[in-house]
Amino acid sequence: MTAWLDGVELARGIEEAVPGSVESSNATAVWVRPERLHDVAARLKQAEAWDFEYLNAITAVDYVEYFEVIYHLTSMRINQACIIKVKCWGRDEPSLPSVVDLWQGADLQEREIYDLMGVVFTGHPSLRRLLLWEGYIGHPLRRDYLEEPLPYSWPHGG
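Final position of the sequence shown in our numbering is 1424; the numbers increase by one with none missing.
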């Protein structure tokens, strides 16, 4: 069974490897600064001590004041997993750097978060809607999304 890497211990290692990147940590997760996300992700994947070569999932939570994007990573070599969280401020245009260049599996997950939550992943090679059609107004998993009748008919619908 895969063991969870202690967040406090991991935070110390991340801060040594990428100074100024850790906002906080607890026993289960490490919060990193948005502008340092890509550097931290690259280090977690490429550093021999960690070798987090597998991205299990990316998800997002709308806390109204900010969005939190959560990365679940696993190292098969050392049989450990970790959680990296990033607070993404700004409701108008929340953005984070893409990690698609590090983990190809992030492609559709970043597109889904963009589609449903409106978080823009800068540097994504093809950031566009995944589940909803182009031209859909809003992002339906946001807490401030107002469900209203669509001003147009469903594409190719009756």
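Backbone N, C-alpha and C fix where the C-beta goes; we use that ideal spot for every residue, glycine too.
As the structure is a prediction and not an experimental result, all values here were calculated from the model.
Contact check, residue i vs residue j, beta carbons under 8 Å
{"i": "S1291", "j": "W1316", "result": "no"}
{"i": "T1294", "j": "Q1346", "result": "no"}
{"i": "Y1332", "j": "C1354", "result": "yes"}
{"i": "P1406", "j": "L1382", "result": "yes"}
{"i": "G1384", "j": "S1364", "result": "no"}
{"i": "P1391", "j": "V1352", "result": "no"}
{"i": "D1328", "j": "R1409", "result": "yes"}
{"i": "V1330", "j": "P1360", "result": "no"}
{"i": "I1350", "j": "V1274", "result": "no"}
Anticipated Cβ contact below 8 Å, residue i with residue j, distance rounded
{"i": "R1278", "j": "E1289", "result": "Incorrect: roughly 14 Å between the Cβ atoms, too far for contact."}
Distance, residue j Cα to residue i Cα
{"i": "E1378", "j": "L1397", "result": "7 Å"}
{"i": "V1284", "j": "F1318", "result": "16 Å"}
{"i": "L1412", "j": "L1393", "result": "24 Å"}
{"i": "V1335", "j": "E1400", "result": "23 Å"}
{"i": "L1276", "j": "G1404", "result": "37 Å"}
{"i": "I1280", "j": "T1325", "result": "21 Å"}
{"i": "Y1402", "j": "G1356", "result": "21 Å"}
{"i": "R1395", "j": "C1348", "result": "28 Å"}
Nonlocal neighbours in the same chain, by C-beta distance under 7 Å from residue i, ignoring five residues either side
{"i": "A1323", "result": "H1338 and Q1375"}
{"i": "R1343", "result": "D1317"}
{"i": "Y1380", "result": "V1386, F1387 and L1393"}
Chain D within 8 Å of residue i, Cβ atoms only
{"i": "A1315", "result": "Within the model displayed, chain D is absent; a lone protein chain is all it includes."}
Cut-off 6 Å between Cβ atoms - residues of its own chain near residue i, not counting five sequence neighbours on either side
{"i": "R1307", "result": "Residue identity differs from the one stated: residue 1307 is Ala in this sequence, not Arg. Closer than 6 Å at Cβ, skipping near neighbours: V1365 and L1368."}
{"i": "G1371", "result": "L1321"}
{"i": "R1309", "result": "A1283 and V1284"}
Contact set for residue i: own chain, Cβ-Cβ below 8 Å, skip 5 residues either direction
{"i": "R1302", "result": "V1284, G1286 and S1287"}
{"i": "A1313", "result": "A1283"}
Contact test: residue i Cβ vs the ligand NAD heavy atom, cutoff 7 Å
{"i": "L1397", "result": "Among the components modelled here there is no ligand, and therefore nothing to report on the ligand NAD."}
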